[in-house]
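Residue numbers (this note's numbering): 103 to 446.
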Ligand code: GDP
Ligand code: MG
């Protein structure tokens, strides 16, 4: 997976001009290097979770000769402590019990293999819902409209900044829409990211109807022939009816201006808030038509198992994970890399 943003890449390969000063091969090599770098930092970001799992597994197995009920109890406690959730924990334990009774599990390695498989199954199942991939949308549709929703402070604006820069660096035209008009600071903060990324932004004064800002942005994206339009939104969950009406209106306008838009609605969840964040997210999925998840601040928790709980409970694919505050601290979520990071 050389490119961060794979949409439209085929076209660009065949018409490698497009005003890019780098050849596609150079760009690809550059992106591969960036991805590799990010992979290393990702492994580091979930180090706390991994260490916690490994330490507890060692303690659980120390001096034990067989897998008995007491060991399974301790294992249950360990799994719960990673925040993978109760239902997932039960599912994993069930698989382990089966393995033990068939005498397929006798050591940590075999046990980890079973846990790994169960978690991967859950993560892959969630990819069959929502929008798991930007290439799933008809390539002729432009701009690709991506709405970003979630409560305040979870990392929406930061994620949009990171996304814009990465997508732009790969030769795509990106436009940002500042539809969080509730707080003036939100637009200012987004403007800073836009400037840093060298990406144009459509914004209006505080209090403007978000749908009106979106309408302007859609027009601008069309006239600029932008590939991607990323829309920031306000995160007022305490006024549900209002939020729902606001998001509905935005969706209606997007769909009227661009076929099938919005193509993705990403719900941002802060990993540090764990199960509480998940509950909040559940509320959000009720009012917004969420198609995928961005899990931020994975670098700040030892309970990195939350990704599995989210995928299972919300039954939506995790699209990206945030692993820090810098522009490159965002990666495309990959179940294998994630699960390996937990157990390796
Ligand atoms: P918003 O209110 O949802 O738009 O959230 P912001 O984008 O303003 O982010 C809130 C805070 O979280 C800021 O201080 C960000 O720097 C920080 N943040 C966002 N994503 C990450 C992440 O992946 N890791 C860490 N450590 N901090 C993050
Ligand atoms: Mg914001």
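For every residue, glycine included, the Cβ atom is placed at its ideal position computed from N, Cα and C.
In this text the structure is predicted, and so the values were computed from the model without any measurement.
Near the ligand GDP: residue i beta-carbon under 7 Å from a heavy atom
i	result
residue 151	no
residue 376	no
residue 424	yes
Distance cut-off 7 Å: residue i Cβ against heavy atoms of the ligand MG
i	result
residue 282	yes
residue 288	yes
residue 261	no
residue 214	no
Alpha carbon of residue i to alpha carbon of residue j, nearest angstrom
i	j	result
residue 254	residue 284	11 Å
residue 241	residue 365	12 Å
residue 302	residue 382	32 Å
residue 306	residue 288	11 Å
residue 261	residue 422	9 Å
residue 314	residue 236	26 Å
residue 385	residue 232	17 Å
residue 181	residue 357	43 Å
residue 440	residue 259	24 Å
residue 172	residue 184	19 Å
residue 216	residue 126	41 Å
residue 89	residue 153	Since the first residue of the chain shown is 103 and the last is 446, residue 89 is not available in this structure.
residue 361	residue 243	7 Å
residue 329	residue 245	5 Å
residue 116	residue 225	For residue 116, the predicted model reports a pLDDT of 48, less than 50, meaning its position is unreliable; a value from the coordinates is still stated below. Their backbone Cα atoms lie some 34 Å apart in a straight line.
residue 411	residue 265	24 Å
residue 119	residue 275	Note that residue 119 has pLDDT 47, beneath the 50 cutoff, so the model's placement of it is unreliable and the number below is only indicative. Each residue's Cα considered, the two are about 14 Å apart.
residue 230	residue 316	29 Å
residue 296	residue 332	11 Å
residue 318	residue 130	33 Å
residue 136	residue 268	10 Å
Residue interval of the alpha helix (DSSP H) (run including residue i)
i	result
residue 409	408-416
residue 443	437-445
residue 199	188-203
Beta carbon of residue i nearer than 8 Å to that of residue j
i	j	result
residue 395	residue 418	yes
residue 257	residue 399	yes
residue 339	residue 371	no
residue 407	residue 145	no
residue 193	residue 176	no
residue 414	residue 187	yes
residue 277	residue 336	no
residue 202	residue 367	no
residue 210	residue 163	yes
residue 273	residue 299	no
Extent of the continuous beta strand (DSSP E) run through residue i
i	result
residue 265	Counting along the chain, residue 265 falls outside any beta strand (DSSP E), though it belongs to the alpha helix (DSSP H) covering 258-271.
residue 253	Per DSSP, residue 253 belongs to no beta strand (DSSP E) and is neither H nor E.
residue 424	420-424
residue 434	432-434
Quiz item: At which residue ranges does the region 128-182 contain complete beta strand (DSSP E) runs of 3 or more residues, listed in the order of the chain?
Solution: none
Quiz prompt | Ordered list of beta strand (DSSP E) runs contained in the region 219-245, each at least 3 residues | solution = none
Self-check item: Sequence ranges, alpha helix (DSSP H) only - wholly within the region 361-400, length at least 4
Solution: 376-389
Quiz item: At which residue ranges does the region 273-342 contain complete beta strand (DSSP E) runs of 3 or more residues, listed in the order of the chain?
Solution: 276-281, 330-335
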